[in-house]
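Read in order, the letters of the sequence shown are residues -20 to -1, 1 to 799 in mature numbering (1 follows the signal peptide of the UniProt record, and there is no 0).
Built from N, CA and C at the ideal position, the CB exists for glycine as well.
Okay, so here's the structure we're looking at.
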Amino acid sequence: MRFSSSFLALLLMVAAPALAQSRQDILLTSDWKFTKGDVAGAAQPGFQDAKWQTVRVPHDWAIYGPFSSTNDLQQVKIEQNNEKQATTKAGRTGGLPFIGTGWYRRRLAVPGFGPGKRAELVFDGAMSNAHVFVNGKEVGYWPYGYNSFHFDITPFLSPGGGANTLAVRLENQPEASRWYPGAGLYRNVHLVVTDEVHIPVWGTYVTTPTITADFAKVKLRTAVAGATAAQSLRLDTEIRDAAGTVVATTSTPLAATDGQQFEQNLVVPQPRLWSPETPVLYTATSKLYAGSVLKDEYQTRFGIRSFTFEANKGFSLNGQPRRFRGVCNHHDLGPLGAAINPAALRRQLTLLKDLGADAIRTTHNMPAPELVSLADEMGFMLIVESFDEWKKPKVKNGYSQYFDEWSERDVVNMVHRDRNHPSVIMWSIGNEVPDQWAPGGTKIARRLQDIVHREDPTRPVTAGMDQFDAVVGNGFAALLDVPGFNYKPHRYPEAYTKLPQALMLGSETASTVSSRGVYKFPVVTAKDKKYPDNQSSSYDLEACNWSQTPDEEFAAQDALGYLMGEFVWTGFDYLGEPTPYDEAWPSHSSYFGIMDLAGLPKDRFYLYRSRWNPTAATLHLLPHWTWPGREGQTTPVFCYTNYPSAELFVNGVSQGRQTKSSSDKPQTQYRLMWNEVKYAPGSLKVVAYDAQGKAVAEEEVRTAGKPHHIKLVTDRPSLAADGQDLAYVTVRVEDAQGNLCPEASNEVQFKVTGAGQFRAAANGNAASLELFHEPRMKAFQGQLVAIVQAADKAGPVQLQATGKGLKSASVTLQTTAAK
Ligand code: GAL
C-alpha cells in the first residue's frame, strides 16, 4: 500500500523525537598488529603482541617482497594452455612471499554495546582461510579469500563492549592459485553495531520491474531480524535522487503473514536511467520502527535501468542495442598488491573510461565492494565472477577442496552483496572450469545457475568456456543463459548454429602479449614468441597458442550480429602469470595488459581506444623513433587511429597514404601499416584525413638525444588528507628538447616531504625484481610511475625525483581536509 506523502510526513514527524544512532558501521583500519608465521596462543586476549608490526588494514603482507623464484614454485602442466608436460614455473603467482600463516590482532571497542544491542563483523575479503576469534573464542571460519562474509559476534563480546580482543588467523597454501592472490586482511573489515531488532547485513533487495519514460516501479524487499511477534514493526522508506530530493516515499507495517520481510513498492516519476554514459543513482533510505522507536536505518543505493538479452539481437541497455567494450581484470593493484585502495581503483577506471571501455569482468573471483560502487558511480557494466575451478582442480590446493561444502554459500554471499548495484549486469559462475568436460559438470553448472536465479532472478548467468567441443557437445553451453566463449572467434558461427541461445559473448578475448615501449625486429606475427630479454614486442602481433591478436576478435565481432561484444584479457597487467615467460624467471607479472603494471598505456591502448572511444580522436604512432644503428633498415610503422586514412612522412618525405580496408588480414581493417619504412633519425610524422579526404590531425615522434632531465606529470594536483588518497606521478626521462628517451633505464630516487609519504613505484617491467615500496626504481623504456599517499593532515606535499646525470624534478600537490 502507498501512503500519500503528506500522511507520511506526519508519520515521520511523529517518529522524529525517537531518532537515535541506530546503526554504526565502523571501518577497522588502524591499530592492527600483525605477524607472519603461526603463533601459539595468538587468539587469546592476554597475548603480548607489542612486538608485532603495527599495520593499517587493508594490508597485503606479501607485496613488500622480496621476490624469489622459490616463492610458490610450481611444477605443473597447464592443461588449458595445451602444455604436454609439466615444467617448473617460478613466477606463476608473482614470486612474492604470500604462502604461510599470518595473524592480525586488535583491541575491539564496540561503542554503545550493551543489552539489546548486536554486533557483527563484516570482512570484505580476507586472504585466505580466515579463522576469526573474539576474546579467544572462534566466531567463524571462511576459506575463500575473495568473498565477503560476516559473523555475529554479539555472544562473544564482553558486557559493555569496552575491552575486547579481535584476532584473525589467515593461511595461504602453496599451489593454490594461477596468479598472485595477495595475503592478509587485504580488504576492509567493518564492525556493524545495531539494535537487536535490525536489518541484517545485505538485507535489502531492490529491483525495478517496470520502467517507462513517465515512471519506474521500484520494488524493495527488506529483511528484518531480531524482532519478537509482540513488536509492531513498520518500515518507512524514502527514495532520493542524485541531488538529494525525495522522489518517492512509503510506509509499511509488517503483517503477521509477511514473515521476516517487508515488501515495498514505490514509484519514481520521470526516472533518470543508469547507463555507463549516465551513471545516475538513487538512494533508498529505510527506517525501521518498533512502535514509535527507531530501531534501524539502512541505505540502499541503486540505479534504474533495464536490459535485455535477445536471440539474434544480443544485448540492449535501456532499449538501446550495444556491445560490451569490456576488459577482464584481476584484483591486484600492481605495486600496491592486493591491498584495496579506492583511489587506485578510481585511477584504473579513469584510464578505462579514456580507453572507451564500458564493462569489466571481475576475473576470476568476487571483486572488492569498492570496485562495484565505483562502477555504479563512474559507469561501468560488470560481470561479477565467482570461481576459477569447481570440483575438478586446476591447481593442487585450489578451490576444488572447498567446492562441495562452500560453493552455495559463496555464491549466495556474492549475489546478496552485489545484487542492488546497477553496474552488475551478469553473474559468472566460473571460468574455464575443468568440469566443463568432466562427468557431472553440466549438473554442477545447472545447480550453480539455479542458485543464482533463486537469489537474483533479474540477471542472466554466464561462464567463460574454453573447451569448445566438450561444452557444445555435452549440453554445458546450451544450459547457460548467456554462453561465454574464451578465445574462440573462429568458432562463433559454429556455436551459433549448434546452441539454442542464438547469442553469445566473447567472455575472454585476445590475450595479446606486449611490453610497453619494446619493439622487436623483424616484425612478424607469432605465437608463444620468446626473446632473451624476457620482453614481448609492442607491434601487437604476438599472442599465445590459444589466443589471438586484437584484430581477429574485432573482425569476428563486426561480422556477426548475434555477438554481444568482448572482454579483453586484460585491461591491466597483473602480478603472476608471466606468459610467454612462465618458465623464465625473473618474469613474474603478466604481459597481457592493455596497460602495464604501472597503469601506463601500451600501444594497444590506442588500438582499442580507436575502436571503443567514439568521442575522442585517436592518432597514435608506433614504434618510437630512436634507433641508433638501424639507419637504412626496414622499420615498420603502425598508426592506431579512428580516422579512416593517413599519410606518413619520414623527415618530410612521404611514405604513402594508407586507408583501412577489408582483406584477408584483419590487421588491415583496424590499423594503418607502413611495412617498408627505412629508418632514418629525425622526424616521423603522420597526417590523418577524415572521410572527406581533408587533413584534420597530425602526430609526430622525434628521435631523442641523450637523457637530460626528469619530467613529472601527476594525475591529480590535489588529494584528500585521509591517509589513503593517492596521486600517480608519471616519471619521464627526457632529452634536452623534451622528447621521451624511449630506451632510458636510469634509476630514479624519490623523496616525499610534507603532508604525505612515498607509497610505491612501478615501471611495468615484468622481469624487474625491484621492490615496489622502495623509493627508487629504474625507468623502463624511459618511464615509470611513483605513487604518493596523502597523510591524515592537510597541507602541501612534495615529490622530488633525482637520478644520476639527470636534472632533477619536483612536483607539489595539495592535500585538503577530508570530509
Ligand atoms: C585464459 C584464462 C585466464 C588467463 C588467460 C591467459 O585461458 O581464463 O585466466 O590464464 O587464459 O591467456
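Could you pull out every residue in the same chain whose Cβ sits closer than 7 Å to the Cβ of residue i, ignoring the five residues on either side in sequence?
{"i": "T187", "result": "K199 and T438"}
{"i": "P259", "result": "D356, E357, M358 and G359"}
{"i": "A798", "result": "A700, A701 and D702"}
{"i": "S788", "result": "I690, Q780, A781 and T782"}
{"i": "L749", "result": "F47 and P566"}
{"i": "W605", "result": "L664, V681, R682 and T683"}
Give me the Cβ distance between residue i and residue j, rounded to the nearest whole Å; I'm assuming they're in contact under 8 Å.
{"i": "D52", "j": "E155", "result": "7 Å"}
{"i": "N144", "j": "L150", "result": "Between L150 and N144 the Cβ distance is about 20 Å, and since that is not below 8 Å, they are no contact."}
{"i": "V630", "j": "L664", "result": "6 Å"}
{"i": "D446", "j": "Q60", "result": "6 Å"}
{"i": "H568", "j": "Y44", "result": "15 Å between Cβ atoms; not a contact."}
{"i": "Q4", "j": "T15", "result": "With 8 Å as the limit, Q4 and T15 do not qualify as a contact, their Cβ atoms being about 29 Å apart."}
{"i": "S380", "j": "E369", "result": "5 Å"}
{"i": "N152", "j": "P38", "result": "Incorrect: roughly 16 Å between the Cβ atoms, too far for contact."}
{"i": "D576", "j": "G744", "result": "3 Å"}
{"i": "D221", "j": "Y262", "result": "6 Å"}
{"i": "L351", "j": "L325", "result": "5 Å"}
{"i": "P560", "j": "K509", "result": "7 Å"}
{"i": "G573", "j": "F552", "result": "5 Å"}
{"i": "L764", "j": "P46", "result": "With 8 Å as the limit, L764 and P46 do not qualify as a contact, their Cβ atoms being about 19 Å apart."}
With a threshold of 6 Å on Cβ separation, who are the neighbours of residue i within its own chain once the five nearest residues in sequence on each side are excluded?
{"i": "V666", "result": "L601, C619, A626, L628 and E679"}
{"i": "T280", "result": "T184, V186, A264 and N400"}
{"i": "P349", "result": "D104"}
{"i": "P755", "result": "F730 and F738"}
{"i": "L652", "result": "C619, A626 and Q638"}
{"i": "L329", "result": "L354 and M358"}
{"i": "P469", "result": "E532, E533 and A536"}
{"i": "W607", "result": "Y659"}
{"i": "Q300", "result": "none"}
{"i": "N514", "result": "Y561, A564, S567 and A747"}
By Cβ distance, which residues of its chain are closer than 8 Å to residue i, with the 5 residues on each side in sequence left out?
{"i": "A(-5)", "result": "For A(-5), the predicted model reports a pLDDT of 39, less than 50, meaning its position is unreliable; a value from the coordinates is still stated below. Once the five neighbours on either side are set aside, A(-5) has no close Cβ partner at all."}
{"i": "N115", "result": "P25, F136, L137, S138, N144 and T145"}
{"i": "S643", "result": "Q649"}
{"i": "Y669", "result": "Y623, P624, S625, A626, E627, R637, A675 and V676"}
Could you spell out where the beta strand (DSSP E) holding residue i opens and where it closes?
{"i": "V148", "result": "N144 to N152"}
{"i": "K267", "result": "Y262 to A270"}
{"i": "G783", "result": "G775 to G783"}
{"i": "G736", "result": "G736 to A742"}
{"i": "W12", "result": "W12 to K16"}
{"i": "D216", "result": "L213 to R220"}
{"i": "M544", "result": "L543 to W549"}
{"i": "V169", "result": "V169 to D175"}
{"i": "D276", "result": "V273 to F282"}
{"i": "L699", "result": "S698 to A701"}
{"i": "G486", "result": "M484 to A490"}
{"i": "P661", "result": "Run containing P661: none; DSSP gives neither H nor E here."}
{"i": "Q515", "result": "Where Q515 is concerned, there is no enclosing beta strand (DSSP E), given that its DSSP letter is neither H nor E."}
{"i": "K197", "result": "F195 to A203"}
{"i": "P129", "result": "According to the sequence as given, residue 129 is Phe; it is not Pro. Unbroken beta strand (DSSP E) run through F129: F129 to D132."}
If I follow the unbroken alpha helix (DSSP H) through residue i, where does it start and stop?
{"i": "H689", "result": "Element bounds for H689: not the alpha helix (DSSP H) but the beta strand (DSSP E), H689 to T694."}
{"i": "Y586", "result": "D583 to W592"}
{"i": "N393", "result": "F383 to D398"}
{"i": "M358", "result": "P349 to M358"}
{"i": "Q328", "result": "P322 to L335"}
{"i": "L428", "result": "G421 to E435"}
{"i": "P473", "result": "Y472 to K478"}
Is residue i close to chain D? Criterion is C-beta to C-beta, closer than 8 Å.
{"i": "D446", "result": "Annotation note: the requested chain D is absent from the structure, which comprises a single protein chain."}
Would you be able to state if there are at least three C-beta pairs under 8 Å between the region 772 to 781 and the region 728 to 745? yes
Given 8 Å as the limit, is there contact between the region 657 to 671 and the region 690 to 698, that is, 3 or more CB pairs closer than that? no
Please determine if the region 698 to 718 and the region 519 to 535 are in contact, where contact requires at least 3 C-beta pairs separated by less than 8 Å. no
Meets three-Cβ-pair contact criterion under 8 Å: the region 203 to 220 and the region 269 to 283: yes
Indicate whether the contact test is met: 3 or more Cβ pairs, each with one atom in the region 371 to 387 and one in the region 327 to 343, closer than 8 Å. no
Under 8 Å, with one C-beta from each stretch per pair, do the region 203 to 211 and the region 222 to 230 reach the 3-pair mark? no
Would you check if there are 3 or more beta carbon pairs closer than 8 Å linking the region 587 to 606 to the region 91 to 110? no
At least three beta-carbon pairs within less than 8 Å, the region 118 to 137 to the region 62 to 70: no
Is it the case that the region 448 to 460 contacts the region 485 to 494, given that we only count it when at least three CB pairs across the two stretches are under 8 Å? no
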